[in-house]
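Asks: Numbering (this note's numbering), first residue to last: 36 to 295.
Sharing a structure here in structure tokens format.
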């Protein structure tokens with residue numbers, strides 16, 4: 036992907052140290068210091084132009100967000116979107132957002148184990164050729180890194196318009212023996228999910244009537260335990276309903292505090 040940035044773009048990014056991070060290694064294990072609080076940290080890998088991560092930071096001010104991409108021009112565009120979102124709130128900058136210029140290949144150099152609570156993978160490059168499978172962000176080699184970095188409440192939220200990537204990803208999660216929930220093969224079939232924040236790509240795909248695939252992977256022990264407790268309770272309720280011949284409404288599985 037080649038992007039032609041504006042003249043002086045690097046200088047523009049360097050002038051925004053409160054929002055733009057150009058050297059991830061200096062903040063590894065110290066992201067809470069960067070944000071000045073101990074709120075949970077959610078990371079979007081491959082944020083593109085930044086619409087999703089910017090709107091998420093505005094919608095969920097009690098969570099710290101980090102958008103990661105490797106191109107200066109995308110970081111610049113994301114910074115403009117982020118500031119626009121927060122200007123509407125009377126803030127000159129997003130207090131809970133960092134835009135990190137980095138290559139995801141080196142994610143283990145950006146974060147300490149257990150430093151992240153959630154990872155978003157939104158419309159990642161499908162790398163359709165088989166010889167490029169290892170580059171897909173849901174390849175087991177990446178999933179292993181994510182599992183190391185996520186804390187006890189850790190989750191991965193994944194969205195794509197690519198059938199082949201979704202099938203590949205399901206197999207990858209299975210190979211890693213990860214618990215999945217809220218799997219959707221057509222996320223917006225019953226109407227636009229206004230509880231979710233859409234990316235730029237997603238809005239275009241939905242307008243064209245394309246299916247959006249989505250899933251959540253439960254990684255952290257605390258989240259996994261809570262999910263299993265819900266499963267047990269749901270089975271118990273179902274058994275009781277059958278025994279008493281009662282008709283109950285389906286119970287929705289537990290959801291996280293913020294959706295993407």
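Even glycine gets a Cβ: it sits at the ideal position worked out from N, Cα and C.
Quick one: which unbroken beta strand (DSSP E) runs of 3-plus residues sit fully inside the segment 167–232? Chain order, please.
Replies: Whole beta strand (DSSP E) segments, 3+ residues: 185–195 and 214–219.
Asks: Secondary structure at residue 109, three-state DSSP: helix, strand or coil?
Replies: The residue you call residue 109 lines up with position 74 of the chain shown. Three-state result, residue 109: helix.
Asks: What's the call for residue 52, buried or exposed, on a 16-neighbour Cβ count within 10 Å?
Replies: The residue given as residue 52 occupies position 17 in the chain shown. Exposed: under 16 other Cβ atoms inside 10 Å.
Asks: Relative to the C-alpha of residue 130, which candidate in 272, 155, 119 and 248 has its C-alpha closest?
Replies: Indexing the chain shown from 1 puts residue 130 at position 95. Nearest of 272, 155, 119 and 248 to residue 130, Cα basis: 119.
Asks: For residue 64, which residues of its own chain have a beta-carbon under 6 Å away from its beta-carbon, when the five flanking residues on both sides are left out?
Replies: Reading the chain shown from its first residue, position 29 is the one you call residue 64. Same-chain partners within the cutoff: 147.
Asks: Taking 8 Å as the threshold (C-beta atoms), are residue 218 and residue 172 in contact?
Replies: Residue mapping note: residue 172 aligns to position 137 of the chain shown, counting from 1. Residue mapping note: residue 218 aligns to position 183 of the chain shown, counting from 1. Cβ atoms of residue 172 and residue 218: not closer than 8 Å.
Asks: Using a Cβ-Cβ cutoff of less than 6 Å, which residues in the same chain neighbour residue 241 once the five nearest sequence positions on both sides are dropped?
Replies: Here residue 241 is taken as the residue at index 206 of the chain shown, counted from 1. Excluding positions up to five away in sequence, the list reads 223.
Asks: State the Cα-Cα distance for the pair residue 113 and residue 275, rounded to the nearest angstrom.
Replies: Walking along the chain shown from the start, residue 113 turns up at place 78. Walking along the chain shown from the start, residue 275 turns up at place 240. In a straight line, the C-alpha of residue 113 is about 51 Å away from that of residue 275.
Asks: According to DSSP, which residues form a beta bridge with residue 155?
Replies: Taking the first residue of the chain shown as 1, we reach residue 155 at position 120. BP columns for residue 155 point to 79 and 192.
Asks: Are residue 55 and residue 109 touching if we call contact CB-CB under 8 Å?
Replies: Residue mapping note: residue 55 aligns to position 20 of the chain shown, counting from 1. Residue mapping note: residue 109 aligns to position 74 of the chain shown, counting from 1. Contact: no.
Asks: I'd like the span of the alpha helix (DSSP H) that includes residue 48, first residue to last.
Replies: As a working mapping, residue 48 is identified with position 13 in the chain shown. Counting along the chain, the alpha helix (DSSP H) containing residue 48 begins and ends at 44–49.
Asks: For the putative contact between residue 190 and residue 252, defined by C-beta atoms under 8 Å, what is the C-beta separation to the nearest angstrom?
Replies: As a first step, residue 190 is located in the chain shown; it is residue number 155 there, counting from the start. As a first step, residue 252 is located in the chain shown; it is residue number 217 there, counting from the start. Between residue 252 and residue 190 the Cβ distance is about 7 Å, and since that is below 8 Å, they are a contact.
Asks: Apart from the five residues just before and just after residue 46, which ones in its own chain have a Cβ nearer than 8 Å to its Cβ?
Replies: Taking the first residue of the chain shown as 1, we reach residue 46 at position 11. There are no such residues.
Asks: Check the DSSP bridge columns for residue 56 and list the partner residues they point to.
Replies: Counting from 1 along the chain shown, the entry for residue 56 is found at position 21. In the DSSP output, where bridge partners are listed per residue, residue 56 has 135.
Asks: Count the C-beta pairs between the segment 232–247 and the segment 259–266 that are closer than 8 Å, then say yes if the count reaches three, no if not.
Replies: Contact between the segment 232–247 and the segment 259–266 is absent, because fewer than three Cβ pairs lie under 8 Å.
Asks: Quick check on DSSP: helix, strand or coil for residue 262?
Replies: Counting from one through the chain shown, the residue named residue 262 turns up at place 227. Of the three classes helix, strand and coil, the one that applies to residue 262 here is helix, per DSSP.
Asks: What does residue 251 pair with, by DSSP beta-bridge criteria?
Replies: Start at 1 with the first residue of the chain shown, and residue 251 comes out as number 216. Answer is 192 and 216, bridged to residue 251.
Asks: At what residues does the beta strand (DSSP E) containing residue 100 begin and finish?
Replies: Residue numbering aside, residue 100 sits at position 65 when the chain shown is read from its first letter. 99–104 is the span of the beta strand (DSSP E), which, as asked, contains residue 100.
Asks: Among the candidates 248, 78, 230 and 136, whose CA atom is the shortest distance from the CA of residue 181?
Replies: Mapped onto the chain shown, residue 181 falls at position 146. Out of 248, 78, 230 and 136, 78 has the C-alpha closest to the C-alpha of residue 181.
Asks: Which of helix, strand or coil does DSSP assign to residue 91?
Replies: Stepping through the chain shown from its first residue, residue 91 is reached at position 56. If DSSP states are grouped into helix, strand and coil, residue 91 belongs with the helices.
Asks: May I have the straight-line CA-CA distance separating residue 89 from residue 132, to the nearest angstrom?
Replies: Locating residue 89 in the chain shown gives position 54, where the first residue counts as 1. Locating residue 132 in the chain shown gives position 97, where the first residue counts as 1. Taking the straight line joining both Cα atoms gives about 8 Å.
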